[in-house]
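Participant: Numbering (our numbering), first residue to last: 10 to 320.
Even for Gly, the Cβ is constructed at its ideal location relative to N, Cα and C.
This is the structure I have questions about; it appears just below.
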């Protein structure tokens with residue numbers, strides 16, 4: 010009798026500001042999983058997701074959602090309640106990592122260096138500089154650099170967008186000291202750090218924003234990152250420490266800034282931990298896995314085989 014195909018529901022799309030990127034991640038993962046011999050159903054996630062999954066009865070849910078509802082513990086809670094094994098991090102780790110300010114408290118306690126910051130209301134952030142420039146304003150619970158503003162030295166006032174009547178990124182904002190230097194990222198797979206990439210925004214772009222992340226040619230990835238071996242290894246060590254401190258499972262990715270300018274501080278700062286890293290053709294985790302000798306098919310198979318409840 011032929012062995013039954015494992016049925017994987019790829020959860021994609023969703024309700025967040027990162028819906029379009031999630032659709033791309035999900036499509037890429039679904040194609041790769043089919044190539045690995047899985048039975049695959051793509052599920053564009055809406056508020057009826059529990060009903061749809063109850064009808065589908067998949068063996069595993071591959072979480073390719075990004076942003077709110079998919080990356081913040083919400084969909085994980087639905088899947089735990091239904092008893093459906095799923096990929097990536099569980100309820101607590103997802104919720105913690107998604108809220109940047111709360112994640113920092115946990116990372117700081119674990120010895121992972123983070124930038125000084127505080128949470129303020131949008132009104133306070135809009136009326137005047139809440140901390141001395143340069144600093145960064147970002148929603149505390151969005152991903153993919155959505156809603157991120159860099160306030161430079163000498164800038165007279167906060168971004169005028171904060172006064173907008175159609176502002177849709179919440180009334181609570183995190184203001185964080187701006188960290189100069191290189192943008193570095195490292196993925197953790199299971200309990201093992203992969204390589205370290207330096208990310209350089211393409212010419213004409215000022216930082217690794219949403220466009221840099223997802224537009225073809227939006228950024229330049231240098232792998233392995235051209236940094237001293239001791240710094241390279243420290244990024245890997247801190248990425249594993251962050252993964253463990255937050256209780257992440259499966260694959261995570263930690264982002265850092267390293268100030269190695271001649272006049273710089275030499276500091277290495279963890280900016281955030283991503284529990285649902287992008288899986289598009291321009292994404293970093295597939296590139297890091299390939300550098301470690303794993304094809305995209307190998308990567309998604311490993312992620313599915315790692316799936317469980319009680320994560």
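(1) Would you mind giving the Cβ-Cβ distance between residue 245 and residue 282, rounded to the nearest angstrom? I have them listed as a contact below 8 Å.
(2) Rounded to whole angstroms, what is the Cα-Cα separation between residue 78 and residue 37?
(3) Given a cut-off of 7 Å, decide if residue 52 and residue 20 are closer than it, judged by their beta-carbon atoms.
(4) Is it the case that the region 73-93 contacts the region 297-304, given that we only count it when at least three CB pairs across the two stretches are under 8 Å?
(5) Cα separation between residue 211 and residue 137?
(6) Along the chain, where does the alpha helix (DSSP H) containing residue 113 start, and where does it finish?
(7) When we look at the beta-carbon of residue 97 and count the other beta-carbons within 10 Å, is it buried (16 or more) or exposed?
(8) Can you tell me the Cα-Cα spacing of residue 167 and residue 276, whole angstroms?
(9) Write down every uninterrupted run of the alpha helix (DSSP H) in the region 14-100 whose length is 4 residues or greater and which is fully enclosed by it, in chain order.
(10) What do you reckon, are the CB atoms on residue 54 and residue 23 nearer than 7 Å?
(11) On the premise that residue 241 lies in contact with residue 186, defined as a C-beta separation below 8 Å, what is that separation, rounded to the nearest angstrom?
(12) Tell me the residue span of the alpha helix (DSSP H) that contains residue 241.
(13) When the Cα atoms are used, what is the spatial distance from residue 289 to residue 306?
(14) Confirm, please, whether the CB-CB distance from residue 268 to residue 163 is below 7 Å.
(15) Exposed or buried, which one is residue 66 when buried takes at least 16 other CB atoms within 10 Å?
(16) Curious, which full-length alpha helix (DSSP H) runs of at least 4 residues does the region 121-157 contain?
Facilitator: Reading off the structure:
(1) Counted from its first residue, the chain shown places residue 245 at position 236. Counted from its first residue, the chain shown places residue 282 at position 273. That belief does not hold up - the Cβ atoms of residue 245 and residue 282 are roughly 14 Å apart, past 8 Å.
(2) Against the chain shown, residue 78 aligns to sequence position 69. Against the chain shown, residue 37 aligns to sequence position 28. The straight-line gap from Cα to Cα measures roughly 21 Å.
(3) Within the chain shown, numbered from 1, the residue matching residue 20 stands at position 11. Within the chain shown, numbered from 1, the residue matching residue 52 stands at position 43. It is a contact, given that the beta carbons lie within the stated cut-off.
(4) At 8 Å Cβ cutoff, the stretches do not touch.
(5) If you number the chain shown from 1, residue 211 lands on position 202. If you number the chain shown from 1, residue 137 lands on position 128. The alpha-carbon atoms of residue 211 and residue 137 are separated by roughly 31 Å.
(6) For this step, residue 113 is matched to residue 104 along the chain shown. Segment 109-118, the alpha helix (DSSP H) holding residue 113.
(7) For the purposes of this step, residue 97 is taken as residue 88 along the chain shown, with counting starting at 1. Under this definition residue 97 is a buried residue.
(8) As a first step, residue 167 is located in the chain shown; it is residue number 158 there, counting from the start. As a first step, residue 276 is located in the chain shown; it is residue number 267 there, counting from the start. Whole-angstrom Cα-Cα distance: 26 Å.
(9) 28-44, 58-65, 83-91
(10) Translated into positions along the chain shown, residue 54 becomes position 45. Translated into positions along the chain shown, residue 23 becomes position 14. Cβ atoms of residue 54 and residue 23: closer than 7 Å.
(11) Translated into the one-based positions of the chain shown, residue 186 becomes position 177. Translated into the one-based positions of the chain shown, residue 241 becomes position 232. With 8 Å as the limit, residue 186 and residue 241 do not qualify as a contact, their Cβ atoms being about 24 Å apart.
(12) On the chain shown, position 232 is the one that residue 241 refers to. First-last of the alpha helix (DSSP H) with residue 241: 238-255.
(13) Here the question's residue 289 lines up with position 280 in the chain shown. Here the question's residue 306 lines up with position 297 in the chain shown. So the alpha carbons of these two residues sit roughly 13 Å apart.
(14) The sequence position of residue 163 within the chain shown is 154, counting from 1. The sequence position of residue 268 within the chain shown is 259, counting from 1. Annotated as distal: residue 163 and residue 268, with beta-carbon spacing of 7 Å or more.
(15) On the chain shown, residue 66 is found 57 positions in, with the first residue counted as 1. With a threshold of 16 other beta carbon atoms within 10 Å, residue 66 falls short and is exposed.
(16) 131-136
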